Amino acid sequence: MIKTKTLLSFVLFIFSVKAFSQGNYGGGVDEKNIHFGFSFQYISSEYKIQKFEDWELPYYENGVQVTQGLKSIRSIQNPGFGIGFVLPDIFITPNLNFRITPTFIFTDRIIDYQFNDGASYDRADSESPDGFTRRTVTSTSLEFPISLKLKSDRRKDFRAYLIGGAKYSLGISGKKADDVGDIAIAKLLKNKRNFLSYEAGIGFDLYFEYFKLSPEIKLSNSVKSILNREDHPYSAPIDKLFLRNFVFSLYFE
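Residue numbers (mature numbering (1 follows the signal peptide of the UniProt record, and there is no 0)): -21 to -1, 1 to 232.
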């Protein structure tokens, strides 16, 4: 998060100097009813975990105790990236645009479990801190955000805006999660492949001679739980699992 804030401050400082120096054309995008573009995104993902009241209890399978019970369950922020497109941006009024920005997202989502006996049950493809067991959900998805962009009046080469809307996430690929035949303690945590989220953010339009650059920060949260419920020690304690993303984007239009 600190790196993201530093990057954003740097970008805004560099380009704000440019933005107030002269009136640039910006490729004429504001004069078009429809225009297009592309984006690069830094994404920080984490879960919002809602646990059952008895989440700490040991897990039993067929009457046999499998775990000693849980001390904690925590979500770890993890970075990812995205490559997107503005397809399209539609002019509504001088201060309002409608945007569709499909984006390919590449992220890992992480949860660490701490059992009372301090045992670690990591799989071969993951490594957790001492005393914890890590489960990672690796995902490649195609997101379809539909947004309204509320803009201030332009001041020379600068314009601020608010943006908000909804997006549908479609899982298109992911690390093969095959745990069929594994014992309960070796099972994987799984997410729903497709889900809906709401999002909101702020940004700035910076005008150059041939294009417009827009740094943007945005927060999103899944509308419903994305937990793919199964009967094993990593799914059983969790009532609901929501996905939260912090996104820093650079749009070129």
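Even for Gly, the Cβ is constructed at its ideal location relative to N, Cα and C. In this text the structure is predicted, and so the values were computed from the model without any measurement.
Quick one: give me the first and last residue of the beta strand (DSSP E) that lysine 59 is part of.
Residue mapping note: residue 59 aligns to position 80 of the sequence shown, counting from 1. Per the sequence presented here, residue 59 reads as glycine, with lysine not at that position. Element bounds for glycine 59: 57 to 72.
Consult DSSP for alanine 139 and reduce its assignment to one of helix, strand or coil.
By 1-based counting over the sequence shown, the position of residue 139 is 160. Of the three classes helix, strand and coil, the one that applies to alanine 139 here is strand, per DSSP.
Three-state secondary structure assigned by DSSP to glutamate 10:
Here residue 10 refers to the residue found at position 31 of the sequence shown. DSSP places glutamate 10 in helix when its eight states are reduced to three.
Beta-ladder partner(s) of leucine 198, from DSSP
Along the sequence shown, read from residue 1 onward, the residue named residue 198 stands at position 219. Answer by DSSP bridge pairing, in chain order: Ala179 and Phe225.
Which two residues bound the contiguous beta strand (DSSP E) that contains aspartate 87?
In the sequence shown, counting from the first residue as 1, residue 87 sits at position 108. Here the beta strand (DSSP E) through aspartate 87 covers 82 to 94.
Sequence-distant residues of its chain with Cβ nearer than 6 angstroms to arginine 172 (five each side left out):
Along the sequence shown, read from residue 1 onward, the residue named residue 172 stands at position 193. Excluding sequence neighbours, arginine 172 sits near Gly150.
Opening and closing residue of the beta strand (DSSP E) in which proline 124 lies
Residue mapping note: residue 124 aligns to position 145 of the sequence shown, counting from 1. Run containing proline 124: 112 to 130, per the beta strand (DSSP E) assignment.
Within a Cβ cutoff of 6 angstroms, which residues of the same chain sit near aspartate 68, ignoring the five residues on either side of it in sequence?
Taking the first residue of the sequence shown as position 1, residue 68 is located at position 89. Counting only Cβ-Cβ distances below 6 angstroms, and skipping sequence neighbours, we find His14, Asn76 and Arg78.
Could you check what DSSP says for glycine 5 in three-state terms: helix, strand or coil?
Residue 5 sits at position 26 when you count from the first residue of the sequence shown. Glycine 5: helix per DSSP, three-state reduction.
Any idea what DSSP makes of serine -1, helix, strand or coil?
Here residue -1 corresponds to residue number 21 of the sequence shown, with the count starting at 1. Unreliable placement is indicated for serine -1, whose pLDDT of 46 sits below 50; the coordinate value is still reported in the next sentence. Serine -1 falls in the coil class under three-state DSSP.
Quick one: measure Cβ to Cβ for glycine 59 and threonine 82, integer angstroms, because I've assumed they're closer than 8 angstroms.
What you label residue 59 is simply residue 80 of the sequence shown in a count that begins at 1. What you label residue 82 is simply residue 103 of the sequence shown in a count that begins at 1. With 8 angstroms as the limit, glycine 59 and threonine 82 do not qualify as a contact, their Cβ atoms being about 11 angstroms apart.
Beta-carbon proximity of threonine 80 to serine 126, cut-off 9 angstroms
Here residue 80 corresponds to residue number 101 of the sequence shown, with the count starting at 1. Here residue 126 corresponds to residue number 147 of the sequence shown, with the count starting at 1. Yes, these two residues count as a Cβ contact at 9 angstroms.
Using three-state DSSP, classify alanine 215 as helix, strand or coil.
Translated into the one-based positions of the sequence shown, residue 215 becomes position 236. If DSSP states are grouped into helix, strand and coil, alanine 215 belongs with coil.
Tell me which residues share the same chain as leucine 66 and place their Cβ nearer than 8 angstroms to its Cβ, disregarding the 5 neighbours each side in the sequence.
Residue mapping note: residue 66 aligns to position 87 of the sequence shown, counting from 1. Contacts found: Phe15, Ile79, Thr80 and Pro81.
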